[in-house]
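Trainee: Quick one: this structure, given as structure tokens, is what I'll be asking you about.
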Amino acid sequence: MGLDFSILPEYSDYFLTGTLWTLALTALSMFFSISGGILFAVLQLNRHAIIRWPTSFIAWLFMGTPLLLQLFLVYFGLVQIGIDLNAFVAGVIALSLHFAVYNSDIIRSAIVAVDSGQVEAARSLGLSNFQALRKIIVPQAVANVTPALGNMMIALLKESALVSVIGVMELTLSAQRAISDSFRPFEFYIAAAAIYYIINLGLEQAVHFAERRTARYR
Amino acid sequence: MSENLIEIRGLKKNFGDLAVLKGIDMNIRKGQIVALIGASGSGKSTLLRTINQLEEATAGEIWFDGQLVNQDLPHRAREKHLNQLRREIGMVFQHFNLFPHLTAIENVTLAPTMLKLQNKSDALTSGKALLDKVGLADRIDHYPSQLSGGQKQRVAIARSLAMSPQVMLFDEVTSALDPELVGEVNRVMKQLAQEHMTMIIVTHDLRFAEDVSDHVVFLADGLVVEEGPPAQIFADPKHELTQSFLKQVF
Numbered sequence: 000m001g002l003d004f005s006i007l008p009e010y011s012d013y014f015l016t017g018t019l020w021t022l023a024l025t026a027l028s029m030f031f032s033i034s035g036g037i038l039f040a041v042l043q044l045n046r047h048a049i050i051r052w053p054t055s056f057i058a059w060l061f062m063g064t065p066l067l068l069q070l071f072l073v074y075f076g077l078v079q080i081g082i083d084l085n086a087f088v089a090g091v092i093a094l095s096l097h098f099a100v101y102n103s104d105i106i107r108s109a110i111v112a113v114d115s116g117q118v119e120a121a122r123s124l125g126l127s128n129f130q131a132l133r134k135i136i137v138p139q140a141v142a143n144v145t146p147a148l149g150n151m152m153i154a155l156l157k158e159s160a161l162v163s164v165i166g167v168m169e170l171t172l173s174a175q176r177a178i179s180d181s182f183r184p185f186e187f188y189i190a191a192a193a194i195y196y197i198i199n200l201g202l203e204q205a206v207h208f209a210e211r212r213t214a215r216y217r
Numbered sequence: 000m001s002e003n004l005i006e007i008r009g010l011k012k013n014f015g016d017l018a019v020l021k022g023i024d025m026n027i028r029k030g031q032i033v034a035l036i037g038a039s040g041s042g043k044s045t046l047l048r049t050i051n052q053l054e055e056a057t058a059g060e061i062w063f064d065g066q067l068v069n070q071d072l073p074h075r076a077r078e079k080h081l082n083q084l085r086r087e088i089g090m091v092f093q094h095f096n097l098f099p100h101l102t103a104i105e106n107v108t109l110a111p112t113m114l115k116l117q118n119k120s121d122a123l124t125s126g127k128a129l130l131d132k133v134g135l136a137d138r139i140d141h142y143p144s145q146l147s148g149g150q151k152q153r154v155a156i157a158r159s160l161a162m163s164p165q166v167m168l169f170d171e172v173t174s175a176l177d178p179e180l181v182g183e184v185n186r187v188m189k190q191l192a193q194e195h196m197t198m199i200i201v202t203h204d205l206r207f208a209e210d211v212s213d214h215v216v217f218l219a220d221g222l223v224v225e226e227g228p229p230a231q232i233f234a235d236p237k238h239e240l241t242q243s244f245l246k247q248v249f
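Following this line, the structure appears as structure tokens:
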């Protein structure tokens with residue numbers, strides 16, 4: 000039995016739903032993982048250990064354990080204490096938390112990498128700490144952070160396939176459903192891979208664009 | 000005798016256990032050009048940085064234009080007080096500290112517009128005039144990465160001047176420059192001196208100090224050892240520490 004891709008159009012509905020769910024999962028998780036990353040980074044830069052310490056503990060917890068396990072914990076574990084999330088929401092939460100921790104590391108070092116002389120210069124002109132942060136630190140930190148954060152978001156898109164195991168009809172699970180109907184694993188896995196690849200190409204372009212925009216002064 | 004713009008009384012500064020300033024008294028009159036000289040580690044940069052409170056003083060008083068700079072205030076009030084004062088005290092740094100993500104003109108106009116001292120178009124007009132004054136009229140839209148060290152430092156001077164400060168603090172502003180670029184920055188400072196800007200200049204460039212200042216303060220080990228007019232300090236130093244320092248570097 001050779002390869003026969005002509006069977007794919009028949010299942011285009013599967014791919015369409017799958018792609019849409021994957022895009023939704025990824026987009027939402029990106030948003031929350033970056034927002035969460037910023038929050039975590041700021042907390043970890045706080046001068047009070049009482050604030051830094053719990054944040055570091057959470058970071059250590061999420062970095063040191065597999066994403067799959069975190070996913071199971073959020074989806075199956077939380078039910079036990081009365082928090083019944085649907086699979087999509089559980090997926091977004093687990094992906095967001097997992098990547099927020101990595102993002103916070105990247106964001107924190109991007110903030111720290113901005114020369115301390117920058118704040119001194121801003122303060123010596125009479126700007127407040129907050130004004131210096133907004134106009135001087137953040138724009139430079141954004142330029143520092145964009146390449147690494149972009150790579151992380153590309154990883155997030157690929158890792159979103161894991162959410163298939165708790166039953167979200169994203170791209171990978173859609174492909175599996177089509178396979179169990181058609182018994183053609185090779186064609187459908189290749190097709191799913193191609194779609195991931197195409198989305199990633201788009202994402203890469205967006206990252207390059209953002210890099211050029213934020214670092215044009217260099 | 001004109002009035003004192005800055006008065007420093009018994010100023011002490013410790014970094015942990017290390018006493019960097021051990022009781023400095025100093026007066027700076029309006030329009031005076033003071034050169035602070037001394038070996039590395041003598042405390043001259045720290046002294047400069049306590050004047051605008053980039054370094055907090057450990058003890059003593061700093062008075063600026065009749066106001067106590069290092070007032071003991073609650074955090075928020077202190078910040079507000081310092082932000083007000085710092086508008087009046089310009090500072091230029093050894094490593095320029097230009098904002099790299101902003102063009103020359105944006106560097107110059109940022110603070111006056113942000114602090115609402117000028118609207119955008121007024122700030123742009125006076126910013127251009129300042130960049131022209133420091134000889135960079137043709138560089139206004141360049142980013143710092145596109146400028147030489149000397150050009151960067153001249154933008155930094157223009158950025159400080161944009162706040163119309165009453166005094167300018169210069170912290171070894173030519174130390175990080177290639178020798179051939181020192182002259183262009185010194186010329187700008189000299190021009191400011193001729194316009195009677197009050198200036199405090201920390202420098203290792205003794206020839207420039209002799210040339211531009213009207214008062215020289217020699218610091219050693221956190222104390223003022225000797226001060227006086229440049230002709231006296233450089234030609235006829237009284238204190239033996241001053242003598243040996245000048246012998247070493249001249």
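Residue numbers (numbering that gives the first Met the number 0), protein chains in the order written: chain A, 0 to 217; chain B, 0 to 249.
Beta carbons: idealized from backbone N, C-alpha and C, even for Gly.
1) As an exercise, report each continuous beta strand (DSSP E) stretch of at least 3 residues that is fully enclosed by the region 100-185 of chain A, in chain order.
2) Beta carbon of Ala-99 (chain A), beta carbon of Phe-31 (chain A): below 9 Å?
3) Does Ile-139 (chain B) come out as helix, strand or coil in the three-state DSSP assignment?
4) Any idea if Arg-215 (chain A) is buried or exposed, counting beta-carbon neighbours within 10 angstroms, 16 or more meaning buried?
5) I'd like to know if Leu-132 (chain A) contacts chain B, where contact means its C-beta is closer than 9 Å to some C-beta of that chain.
6) Which residues mark the beginning and the end of the alpha helix (DSSP H) in which Phe-98 (chain B) is found?
7) State the DSSP-derived secondary structure class of Asp-12 (chain A), mapped to helix, strand or coil.
8) Determine the chain A residues that contact Ala-110 (chain B) at a beta-carbon separation under 7 Å, and present them in chain order.
9) Considering just the uninterrupted stretch of the alpha helix (DSSP H) at Thr-49 (chain B), what are its terminal residues?
10) Ser-110 (chain A) versus chain B: which residues are under 8 Å apart at the beta carbon?
11) In this structure, how does DSSP classify Met-167 (chain B) when only helix, strand and coil are distinguished?
12) Can you pull the chain A residues whose beta carbon is under 9 Å from the beta carbon of Glu-78 (chain B), in chain order?
13) Just the C-alpha distance for Leu-81 (chain B) and Gln-70 (chain B), rounded to the nearest angstrom, thanks.
14) Tell me, please, which residues DSSP counts as bridged to Ala-219 (chain B).
15) Less than 9 Å between the C-beta atoms of Lys-43 (chain B) and Val-172 (chain B), yes or no?
16) Output the distance between the C-alpha atoms of Ser-163 (chain B) and Pro-99 (chain B), rounded to the nearest integer angstrom.
17) List the residues of chain B whose Cβ lies closer than 7 Å to the Cβ of Ile-135 (chain A), in chain order.
18) Please classify Leu-97 (chain B): is it buried, with 16 or more other beta-carbons within 10 angstroms of its beta-carbon, or exposed?
19) So Ile-232 (chain B) packs on Glu-225 (chain B), CB below 8 Å; how close in whole Å?
20) Consider the Cβ of Pro-143 (chain B): report whether some Cβ of chain A lies at a distance smaller than 9 Å.
21) Once you ignore the five residues that flank Ser-55 (chain A) on each side, which residues in its own chain have a CB closer than 7 Å to its CB?
22) Who are the neighbours of Arg-85 (chain B) on chain A, taking C-beta pairs under 8 Å?
23) Helix, strand or coil for Met-0 (chain B)? Go by DSSP, reduced to three states.
24) Output needed for Ala-147 (chain A): all residues of its chain with C-beta closer than 6 Å, excluding positions within five of it in sequence on either side, in chain order.
25) Taking any Cβ of chain A, which residues in the region 111-131 of chain B have a Cβ under 8 Å from it, in chain order?
26) Curious, which full-length beta strand (DSSP E) runs of at least 3 residues does the region 10-82 of chain B contain?
27) By the criterion of Cβ-Cβ separation under 9 Å, what are the contact partners of Met-90 (chain B) in chain A?
28) Any beta carbon from chain B within less than 9 Å of Ala-209 (chain A)'s own beta carbon?
29) Kindly indicate which three-state DSSP category His-207 (chain A) falls into: helix, strand or coil?
30) Between A:Ile-165, A:Gly-201, A:Ile-110, which lies nearest to Phe-71 (chain A) when the distance is taken from Cα to Cα?
31) May I ask which residues mark the beginning and end of the beta strand (DSSP E) holding Gly-149 (chain B)?
32) Using beta-carbon positions only, say whether Glu-183 (chain B) and Gln-145 (chain B) come within less than 9 Å of one another.
Mentor: On the basis of the supplied data:
1) none
2) yes
3) coil
4) exposed
5) no
6) From DSSP, Phe-98 (chain B) is part of no alpha helix (DSSP H); its letter is neither H nor E.
7) helix
8) Leu-124, Gly-125, Leu-126
9) 43-50
10) A small fix is needed here, since residue 110 (chain A) is Ile in this sequence, not Ser. The contacting residues do not exist; Ile-110 (chain A) stays about 14 Å from chain B at best.
11) strand
12) Ser-127, Asn-128
13) 9 Å
14) B:Leu-222
15) no
16) 23 Å
17) Phe-98
18) buried
19) 7 Å
20) yes
21) Gln-43
22) Arg-122, Ser-123, Leu-124, Gly-125
23) Interpretation of Met-0 (chain B) is limited by its pLDDT of 45, a score under 50 that renders its predicted location unreliable; the figure taken from the coordinates is listed afterwards. Correct three-state label for Met-0 (chain B): coil.
24) Ile-105
25) Met-113, Leu-114
26) 17-28, 32-36, 58-63
27) Glu-119, Ala-120, Ser-123, Leu-124
28) no
29) helix
30) A:Ile-165
31) Not the beta strand (DSSP E): Gly-149 (chain B) falls in the alpha helix (DSSP H), residues 148-160.
32) no
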